[in-house]
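Letter by letter, the sequence shown follows residues 4 to 245 of the working numbering.
Down below is the structure, laid out as structure tokens.
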Amino acid sequence: MISHKQMKQYSIHATDGDIGGCKDILFDDQDFVARYLVADTNSWLPLSRKVVISPIAVTKVNTEEQWLSINMSSQSIKEGPSIDEHKPVSREYEETLFKYFGYGYYWIGPGAWGDFSHPTQLVDQDLEREVEQAPAQPTNHLRSCNEVHGYDVETLNDDVGHITDFIFDNDGWTLQLFIIDTHNWLPGGKKLAVRPADVKNIDWSSHKVQVNLSHDALMQKPEIDMDRLADAAYLEAILAKA
Numbered sequence: 004m005i006s007h008k009q010m011k012q013y014s015i016h017a018t019d020g021d022i023g024g025c026k027d028i029l030f031d032d033q034d035f036v037a038r039y040l041v042a043d044t045n046s047w048l049p050l051s052r053k054v055v056i057s058p059i060a061v062t063k064v065n066t067e068e069q070w071l072s073i074n075m076s077s078q079s080i081k082e083g084p085s086i087d088e089h090k091p092v093s094r095e096y097e098e099t100l101f102k103y104f105g106y107g108y109y110w111i112g113p114g115a116w117g118d119f120s121h122p123t124q125l126v127d128q129d130l131e132r133e134v135e136q137a138p139a140q141p142t143n144h145l146r147s148c149n150e151v152h153g154y155d156v157e158t159l160n161d162d163v164g165h166i167t168d169f170i171f172d173n174d175g176w177t178l179q180l181f182i183i184d185t186h187n188w189l190p191g192g193k194k195l196a197v198r199p200a201d202v203k204n205i206d207w208s209s210h211k212v213q214v215n216l217s218h219d220a221l222m223q224k225p226e227i228d229m230d231r232l233a234d235a236a237y238l239e240a241i242l243a244k245a
């Protein structure tokens, strides 16, 4: 497991050298899975052009030394489709991106990664066949962790706390937990771990994350120690309680 805050400290190694650090994670608010890592390209691309990298390209995550490697060269990333940092990632852009890198489309099939359980299984799929089978353009469900960080949490009774972090597994890249900090609402507050299944809606206009929990039910969620994310047994216990 790895948190969004931790990932923002990671460097990204391409096949021919570093390409900067991880700036953000874009997640799907329907399937709750990380769709893209956003690279900070200040050190090597003019005007710091925004670069998004699919987890499909990630070959290794080193949690001790805080870096991840991808099976792409810096040149292939540099020549890839550009994107405006201040606009949402559209499905049309995703199709262009996936065609350029030769990935299959994750939105074709019943699972979080289409017909597959792991993102790397989408490499070298038959894109032409998939285009023919593709349904009508669905609604875009991509959201930025940087954006949602700080959103208030609305229970069935009141507002309690705000979103302070996100925990992903670094294998299938699923979003496992939302971390809610209640210090601004309650004296001696806590950091609580909540499953995505408890999230009812993410309201961009009001900057709130609505949960299907009462105030008391939310306060019964397990408190998490963010310094123990490397402890597999500890995380397993938290996930069982969340």
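Just so it is clear, CB atoms sit at the ideal spot from N, CA and C, and this is done for glycine as well.
These numbers come from a predicted model, not from an experiment.
- Boundaries of the alpha helix (DSSP H) around His7: 7 to 10.
- Nearest Cα to Glu67 within the set Phe169, Lys244, Leu232, Gly107: Leu232.
- Residue pairing by DSSP places Glu157 opposite Asp162, Gln213 in a beta bridge.
- The Cβ atoms of Ser147 and Leu242 lie no closer than 8 Å to each other.
- The three-state reading of DSSP puts Glu67 in coil, since its state is none of H, G, I, E or B.
- For Asn204, the CB contacts under 6 Å within the same chain, skipping 5 residues up- and downstream, are Gln213 in chain order.
- In the DSSP annotation of this structure, Arg94 is not part of any beta strand (DSSP E); the continuous alpha helix (DSSP H) holding it starts and ends at 94 to 104.
- The alpha-carbon of Pro225 is positioned some 6 Å away from that of Lys244.
- Pairing Asp32 with Leu159, the inter-Cα distance amounts to about 20 Å.
- For Val36, no alpha helix (DSSP H) run applies, since DSSP gives it neither H nor E.
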